[in-house]
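Novice: Encoded as structure tokens, here's the structure I'll be asking about.
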Amino acid sequence: MTAEVITMEINGKELWDSLSVFEGLRFSPKFRLAIRTSESEIELLQDQYKDAAEMFNRSSKAGEAFADALKGVGRCLSNLATPSSSFGLNVECEEEIQHMIRTIDAFSELIAIFSARLLQPGNVFLQAGMGLCESQQTRKEFYRACDQVDAAINKAASVPRSRASDAEEADSTLLDARATFARVLEGYLLGLRTALGPVRLSTVSKATLTTYEIQKSHCDCMTSLYQTDGCVSTLQNYIALYEEEASHKPKTTTNGQSSSPVSDQNIRYEGHLFKRSKKKRWRTWVRRWFMVSDNRLVYLSSLSESSTTLKWKVLESDLRLCTAKVSASTFSSGDPMMVSSSMNNVTERRFVFQLISMTGKIHYLQAESAEAMEKWVTVLRSGLLNCSTADGESRLPRMLDMVTAPSTIVSRNSLRSLGGVSLLDEPQTAGNRSCADCLTNTDVIWASTNLGVTLCTDCAACHRSVGVHVSKVRSLVLDNWEPELLELMHNLGNNLVSSVYESDLHSSSSSPTIHRPQPGEVNSHLRKTWIEAKWVRRVFVRSFVHPTANNWLLELYRAWLTQTHSRRVSRTPDSPSSHKPVVSKTIRAHHPRPIDRRRVAAVSRGSTARAQVILDALHAHLDSLMLNETQSLKVGEVADCREEVAARLVLVAGARLGCAPFILAGLARGASPNALLRAADWTHTYRLPFPTDGDPLGAQTPPLIFAVNGGRIAACELLLTNGADINAPDRNGRTALHHACSLQRVHVVCLLLRRQANQDIKDKFGRLPIDVALDTANADIVTLLRLQHLNSNSKIADGTSLEGGQDETAIEVFRDFTSRAYYLEWDSEKEDYNEPTAGL
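At position 40 of the sequence shown (counting the first as 1) the number is 73 in our numbering, and the numbers step up by one without a gap.
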């Protein structure tokens with residue numbers, strides 16, 4: 034497929050401005066075009082000098098034809114005095130020069146007697162032409178320096194990463210070559226600009242003035258020739274000005290770096306990059322000038338000898354749906370969102386990165402230094418290039434400065450380095466440093482992920498024996514922990530979970546054979562009996578159809594708010610201690626960080642208006658369920674159904690609040706995590722108040738959709754871990770993925786896709802989740818959906834090792850989005866909660 038070609042017209046003023054040291058050090062396409070044009074002008078100027086000298090010679094030797102030759106002199110002078118059409122220079126003394134040339138033409142018949150003196154202006158042009166010939170040596174030195182810089186750059190770029198000494202030598206050679214190039218460049222540009230400007234005008238002025246003086250001295254009878262004194266003085270002033278301007282010395286530079294850059298406001302970013310060819314047999318690397326503008330990455334393939342314009346080829350037409358990654362061994366900052374572990378098998382060259390399009394096409398590019406590579410990667414993958422506002426342009430430099438920020442690097446690396454061990458570093462209110470069953474604080478290195486508690490080794494063994502459908506045990510030290518699983522554990526903890534599963538402990542533990550095992554208990558049967566009673570049969574979970582249930586639920590909700598806020602206050606990512614790896618002994622001896630109790634009390638006492646409405650409705654429904662009686666059911670059925678209805682109310686309220694303890698309490702009392710159509714009849718059966726706040730029983734809307742609308746990762750993860758149907762639709766046929774895309778919750782979309790949510794399900798209006806995402810114009814969500822669609826057969830949610838670079842890239846992208854959600858706390862208290870309505 035032929036690449037798209039873009040033609041840009043370059044005017045003379047831009048070419049003349051491009052003849053600067055800054056553009057020369059960058060060796061930009063504009064500079065190369067300006068150099069080529071100026072050299073053509075020099076060649077033309079040499080011809081004009083030669084022509085003028087020949088005319089003066091003919092005037093001196095050809096007596097009979099001298100009058101005609103003098104008109105040719107006037108013509109040559111007029112051509113030299115006319116501004117160049119290539120650069121559009123403005124000549125201030127053009128009017129005076131033209132006036133004198135016209136005077137010369139008027140008296141051409143009298144010049145025959147002055148042939149001997151007319152050799153003087155011819156000599157002026159001959160000297161100027163000789164000066165231009167001497168500049169050819171400077172031109173050769175300039176192109177020799179260019180070749181040396183190109184050779185040094187290619188040598189430095191081809192040094193393997195494993196040969197540090199060769200790389201250091203190549204970099205030193207490159208610096209020397211660039212310094213030499215900068216020195217030669219200054220002299221060459223000075224010669225070009227002065228030859229095309231002041232020297233040419235000075236030469237023309239001198240020749241014109243000399244010719245005029247010869248004419249004046251021999252035309253005493255022509256008094257009218259003496260009325261041009263004003264033009265003479267003006268030309269003399271211009272000659273002095275031009276000679277002074279031509280004698281100025283350039284400002285010195287250091288190592289080829291210019292101190293006054295010229296920026297183009299229409300271009301976002303530009304510079305040289307090596308591009309790997311697409312040929313399978315010969316993977317060559319060519320150096321091209323790349324430019325990022327209007328969300329496109331274009332490059333200049335070549336500049337022919339006859340080119341007068343710059344023709345760009347489009348590499349990627351829309352950078353908003355592309356991402357950039359680099360090799361893990363060449364990227365100094367270690368940011369996982371910008372690193373590809375599969376690139377080491379592609380090339381050994383340094384500073385290589387890849388640009389990945391939304392279709393999976395990969396372009397391999399190479400920068401000239403590590404700093405340039407990091408800036409290019411940041412610019413190519415930054416969402417700031419998607420913005421068309423002035424604010425987006427002002428934020429782009431700040432984005433480039435944040436590439437190597439230490440706090441960003443440490444925060445993204447700490448999640449994988451600490452893993453589940455970070456659960457033991459929670460505030461004291463979580464109670465995670467002790468076992469949830471025997472309360473020992475020794476050897477607490479296990480956790481139950483679906484129950485949200487930490488365990489000692491002995492109790493973890495008993496948990497494994499009851500089955501994974503009851504308790505899913507994972508090591509805090511040895512196993513990998515996904516960010517959403519850590520967030521779920523942070524939202525629960527031993528104290529909150531025990532307040533649910535041991536809420537009715539004293540009234541239910543009447544049997545002497547069922548009691549809590551003591552630390553160091555050697556009777557495994559006693560320990561297993563306790564664990565089966567607590568977690569399998571759930572005999573210690575209190576009933577919600579009780580007069581004190583409302584107060585207990587309110588205290589549970591406040592305790593959860595206090596714990597989550599205490600964790601945020603205690604997390605200090607800028608503190609030195611947070612940058613060190615944590616070991617088990619250090620964690621056991623950990624002392625809680627100081628917490629602002631006034632802020633915690635404020636959060637505990639007051640909640641948002643939405644949360645208060647949900648809590649009030651839950652209390653009203655539980656009170657109505659406890660007080661009202663029904664005639665349509667038997668006594669035993671009424672009791673069982675009431676417990677089921679109450680548990681369902683608590684679970685749905687927890688999903689809408691994002692409160693993981695409420696969801697866990699509802700599950701502990703047997704509530705289903707999916708939608709129940711028969712729950713619609715419970716409102717009439719038990720005479721519940723009319724639901725003015727949505728669907729409190731989740732009859733038509735699954736609890737998972739309520740959790741998605743709330744935006745909390747922990748609530749969604751808890752429901753999914755306990756069997757919630759990820760593809761269950763609401764009454765409009767919209768799944769949880771539809772709602773997450775509509776609300777632009779990137780972290781929730783990422784979680785659902787990692788859990789293999791089906792994005793091919795259409796709602797009753799025939800719309801797919803990708804259609805909803807395109808309407809919202811959220812590039813992150815569109816990228817995730819399309820990336821998951823390309824890897825629909827991959828088990829991304831399990832994080833398994835897959836074959837092929839594209840699958841590995843997909844895994845990294847999903848993990849990076851989840852890690853970003855974990856550290857940016859995207860699921861904190863929000864005021865943008867939206868209930869599912871019929872219009873959605």
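Here a beta-carbon is modelled for each residue, glycine too, at the ideal position from N, C-alpha and C.
With distances taken between CB atoms, is the gap from Leu655 to Asn583 smaller than 8 Å?
Specialist: Residue mapping note: residue 655 aligns to position 622 of the sequence shown, counting from 1. Residue mapping note: residue 583 aligns to position 550 of the sequence shown, counting from 1. Yes, the pair counts as a contact, with Cβ atoms nearer than the cut-off.
Novice: Relative to the C-alpha of Leu413, which residue among Ser402, Leu354, Asp470 and Leu509 is closest?
Specialist: Within the sequence shown, residue 413 is the residue found at index 380, counting from 1. Considering only alpha carbons, the answer is Leu354.
Novice: What distance in whole Å lies between the Cβ atoms of Ile68 and Thr241, which are believed to be in contact at a cut-off of 8 Å?
Specialist: As a position in the sequence shown, residue 241 is number 208, starting the count at 1. As a position in the sequence shown, residue 68 is number 35, starting the count at 1. In fact, because the Cβ distance is near 30 Å, the residues do not count as touching under 8 Å.
Novice: Mark Thr734 as exposed unless 16 or more other C-beta atoms lie within 10 angstroms of its C-beta, in which case mark it buried.
Specialist: Within the sequence shown, the letter at position 701 stands for residue 734. So Thr734 ends up on the buried side.
Novice: Identify whether Ser334 lies in helix, strand or coil by the three-state DSSP scheme.
Specialist: Locating residue 334 in the sequence shown gives position 301, counting from the first residue. If DSSP states are grouped into helix, strand and coil, Ser334 belongs with coil.
Novice: Hey, how far is the Cα of Leu48 from the Cα of Phe64?
Specialist: Against the sequence shown, residue 48 aligns to sequence position 15. Against the sequence shown, residue 64 aligns to sequence position 31. Taking the straight line joining both Cα atoms gives about 7 Å.
Novice: Assuming Leu710 contacts Gly699 under a Cβ cut-off of 8 Å, what Cβ separation, rounded to an integer in Å, is found between them?
Specialist: Looking up residue 710 in the sequence shown gives position 677. Looking up residue 699 in the sequence shown gives position 666. Not really, about 18 Å apart at Cβ, beyond 8 Å.
Novice: Mind checking Phe798: buried by the 16 CB within 10 Å criterion, or exposed?
Specialist: As a working mapping, residue 798 is identified with position 765 in the sequence shown. Exposed: under 16 other Cβ atoms inside 10 Å.
Novice: Considering only the alpha carbon of each residue, which of Trp585, Phe577, Val182 and Ala197 lies closest to Arg320?
Specialist: Along the sequence shown, read from residue 1 onward, the residue named residue 320 stands at position 287. Here the closest residue by C-alpha is Val182.
Novice: Please name the residue in Tyr719, Ala161 and Asn44 whose C-alpha comes closest to that of Met659.
Specialist: The count along the sequence shown starts at 1 and reaches residue 659 at position 626. Selected option, being the one with the closest Cα: Tyr719.
Novice: My understanding is that Trp568 touches Ser504, with C-beta atoms under 8 Å, so please give their C-beta distance in whole angstroms.
Specialist: As a position in the sequence shown, residue 568 is number 535, starting the count at 1. As a position in the sequence shown, residue 504 is number 471, starting the count at 1. Confirmed, Cβ separation roughly 6 Å.
Novice: Could you say which of Glu517, Phe695 and Arg571 lies nearest to Leu594 if we only look at CA atoms?
Specialist: As a position in the sequence shown, residue 594 is number 561, starting the count at 1. The option with the nearest alpha carbon to Leu594 is Phe695.
Novice: Rounded to the nearest angstrom, what separates Leu589 and Ser536 at their Cα positions?
Specialist: The residue labelled residue 589 in the question sits at position 556 within the sequence shown. The residue labelled residue 536 in the question sits at position 503 within the sequence shown. Leu589 and Ser536: Cα-Cα distance of roughly 10 Å.
Novice: Rounding to the nearest angstrom, what Cα-Cα distance links Val192 and Glu87 in this structure?
Specialist: Walking along the sequence shown from the start, residue 192 turns up at place 159. Walking along the sequence shown from the start, residue 87 turns up at place 54. One C-alpha to the other measures close to 56 Å.
Novice: Which one or two residues does DSSP pair with Glu349 in a beta bridge?
Specialist: Taking the sequence shown and counting its residues from 1, one reaches residue 349 at position 316. In the DSSP output, where bridge partners are listed per residue, Glu349 has Leu330.
Novice: Classify Cys783 as buried or exposed, calling it buried when 16 or more other Cβ atoms lie within 10 Å of its own Cβ.
Specialist: Your numbering for residue 783 matches position 750 in the sequence shown. Looking at its Cβ environment, which holds 16 or more other Cβ atoms inside 10 Å, Cys783 is buried.
Novice: Just grab the DSSP bridge partners of Ser481 for me.
Specialist: Stepping through the sequence shown from its first residue, residue 481 is reached at position 448. Paired residues: Val486 and Val506.
Novice: Starting from Phe158, trace the alpha helix (DSSP H) in both directions and tell me its first and last residue.
Specialist: As a working mapping, residue 158 is identified with position 125 in the sequence shown. Unbroken alpha helix (DSSP H) run through Phe158: Leu152 to Ala190.
Novice: Hey, how far is the Cα of His539 from the Cα of Leu697?
Specialist: Here residue 539 refers to the residue found at position 506 when the sequence shown is read from its first residue. Here residue 697 refers to the residue found at position 664 when the sequence shown is read from its first residue. Taking the straight line joining both Cα atoms gives about 21 Å.
Novice: Answer yes or no: do His305 and Trp322 have a C-beta to C-beta separation smaller than 8 Å?
Specialist: Residue 305 sits at position 272 when you count from the first residue of the sequence shown. Residue 322 sits at position 289 when you count from the first residue of the sequence shown. Yes.
Novice: Give the secondary structure of Pro802 by DSSP, where H, G and I count as helix, E and B as strand, and everything else as coil.
Specialist: Here residue 802 refers to the residue found at position 769 when the sequence shown is read from its first residue. Pro802: helix per DSSP, three-state reduction.
Novice: Consult DSSP for Phe214 and reduce its assignment to one of helix, strand or coil.
Specialist: Taking the sequence shown and counting its residues from 1, the one referred to as residue 214 is at position 181. Three-state DSSP puts Phe214 in a helix.
Novice: With a threshold of 16 other CB atoms inside 10 Å of the CB of Leu52, please say whether the residue is buried or exposed.
Specialist: Working through the sequence shown from its first residue, we reach residue 52 at position 19. When all chains shown are included, Leu52 counts as buried.
Novice: Taking its Cβ as the centre, do 16 or more other Cβ atoms sit within 10 Å of Thr40, making it buried, or is it exposed?
Specialist: As a position in the sequence shown, residue 40 is number 7, starting the count at 1. Per the 10 Å Cβ criterion, exposed.
Novice: Verify whether the separation of the beta carbon atoms of Thr342 and Ile389 is less than 8 Å.
Specialist: Taking the first residue of the sequence shown as position 1, residue 342 is located at position 309. Taking the first residue of the sequence shown as position 1, residue 389 is located at position 356. Not closer than 8 Å, so no.
Novice: Comparing C-alpha positions only, which one of Ser310, Lys311 and Ser326 sits nearest to Glu303?
Specialist: Residue mapping note: residue 303 aligns to position 270 of the sequence shown, counting from 1. Checking every option, the nearest Cα to that of Glu303 belongs to Ser326.
Novice: Going by C-alpha distance, which of Thr473, Leu484 and Gln131 is nearest Asp491?
Specialist: In the sequence shown, residue 491 corresponds to position 458, counting from 1. If we check each option's Cα against that of Asp491, Thr473 comes out closest.
Novice: Name the DSSP bridge partner or partners of Tyr397?
Specialist: As a position in the sequence shown, residue 397 is number 364, starting the count at 1. DSSP, once it has assigned bridges, lists Gln387 as partnering Tyr397.
Novice: To the nearest angstrom, report how far apart Asp763 and Cys774 are at their CA atoms.
Specialist: By one-based count along the sequence shown, residue 763 stands at place 730. By one-based count along the sequence shown, residue 774 stands at place 741. About 15 Å.
Novice: Just verifying my parser: in three-state terms, what is the DSSP assignment at Thr356?
Specialist: Locating residue 356 in the sequence shown gives position 323, where the first residue counts as 1. Here Thr356 sits in strand by DSSP.
Novice: Please classify Arg621: does DSSP put it in a helix, a strand, or coil?
Specialist: Your numbering for residue 621 matches position 588 in the sequence shown. With a pLDDT of only 33 at Arg621, under the threshold of 50, the placement of this residue in the model should not be trusted, and no figure is reported.
Novice: Determine the direct distance from the alpha carbon of Leu222 to that of Asp204, and round the result to whole angstroms.
Specialist: Here residue 204 refers to the residue found at position 171 of the sequence shown. Here residue 222 refers to the residue found at position 189 of the sequence shown. Taking the straight line from one Cα to the other gives about 26 Å.
Novice: So that I know if they touch, is there some Cβ in chain C lying closer than 8 Å to that of Ala650?
Specialist: The chain labelled as chain C is not found in the depicted structure, where only one protein chain is given.
Novice: Could you check whether Leu103 and Ser141 sit closer than 8 Å to each other, using their CB atoms as the reference points?
Specialist: Residue numbering aside, residue 141 sits at position 108 when the sequence shown is read from its first letter. Residue numbering aside, residue 103 sits at position 70 when the sequence shown is read from its first letter. Contact flag set, yes.
Novice: Among residues of its own chain, excluding the 5 on either side of Phe89, which ones have a beta-carbon nearer than 6 Å to its beta-carbon?
Specialist: The residue labelled residue 89 in the question sits at position 56 within the sequence shown. So the qualifying residues of the chain are Leu151, Pro154 and Gly155.
Novice: Could you tell me the distance, in whole angstroms, from the CA atom of Val781 to the CA atom of Ile746?
Specialist: Taking the sequence shown and counting its residues from 1, the one referred to as residue 781 is at position 748. Taking the sequence shown and counting its residues from 1, the one referred to as residue 746 is at position 713. C-alpha separation (whole angstroms): 6 Å.
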